[in-house]
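Residue numbers (our numbering): 227 to 398. Notes follow once the structure below has been shown.
Below, the structure written as structure tokens:
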């Protein structure tokens, strides 16, 4: 049985402030847009957008509906060729699968190296992918908790358990 660990709203907002501070400290790289990765990165992207005053765009990855994932990535890759920098934001870098997919799709669409970075509320240091910014780190080889973010907390318990069970190696 997984351990469900709620992330209180105050902790979530504090994590947004940590990310905002890290972005402000990085004077060598400033994004033009924050890209919320659907589904878990949409709410954090809006909060970070307000915290640092940048516009938010979004891509859908979690639904696995090609029309809603791949076409926007082609448009975003073009924006990098036009000189814009994109910060992709998600709730957790767990296995790295989402980041691998996004990086590959952006590269295939001709995104400029160095114009895309990733930020997470929680970064798993044992993930297959590395990111540039995180508010918190965990090691999935040690921490098996299933984190329940404020926007997920409204879901029925069975739905949260079903989401957790989709990738059992994360929490086993």
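Ideal Cβ positions, reconstructed from N, Cα and C, are used throughout, including at glycine.
Cutoff 6 Å; reference residue i; Cβ partners in own chain excluding five residues on either side
i, result
"residue 229", "371"
"residue 343", "313, 358"
Through-space distance from residue j to residue i, alpha-carbon basis
i, j, result
"residue 334", "residue 302", "12 Å"
"residue 274", "residue 248", "12 Å"
"residue 254", "residue 384", "45 Å"
"residue 362", "residue 297", "31 Å"
"residue 350", "residue 307", "30 Å"
"residue 354", "residue 322", "5 Å"
"residue 380", "residue 238", "15 Å"
"residue 338", "residue 332", "9 Å"
"residue 386", "residue 375", "10 Å"
Buried or exposed (CB count within 10 angstroms, at least 16 for buried), residue i
i, result
"residue 257", "buried"
"residue 240", "exposed"
"residue 393", "exposed"
Residue span of the beta strand (DSSP E) that contains residue i, given as start and end
i, result
"residue 323", "Here residue 323 belongs to no beta strand (DSSP E); instead the alpha helix (DSSP H) covers 323-334."
"residue 317", "312-319"
Supposed close pair residue i, residue j - CB separation, criterion 8 Å
i, j, result
"residue 259", "residue 281", "6 Å"
"residue 316", "residue 267", "4 Å"
"residue 436", "residue 261", "With the chain covering 227 to 398 only, the question about residue 436 has no answer from this structure."
"residue 287", "residue 295", "5 Å"
Contact set for residue i: own chain, Cβ-Cβ below 8 Å, skip 5 residues either direction
i, result
"residue 304", "335, 336"
Boundaries of the alpha helix (DSSP H) in which residue i is found, first to last residue
i, result
"residue 431", "Summary: the structure shown does not reach residue 431, with the chain confined to residues 227 through 398, and so no result is reported for it."
"residue 278", "268-278"
"residue 383", "383-391"
"residue 259", "That residue, residue 259, is in no alpha helix (DSSP H); its beta strand (DSSP E) goes 259-264."
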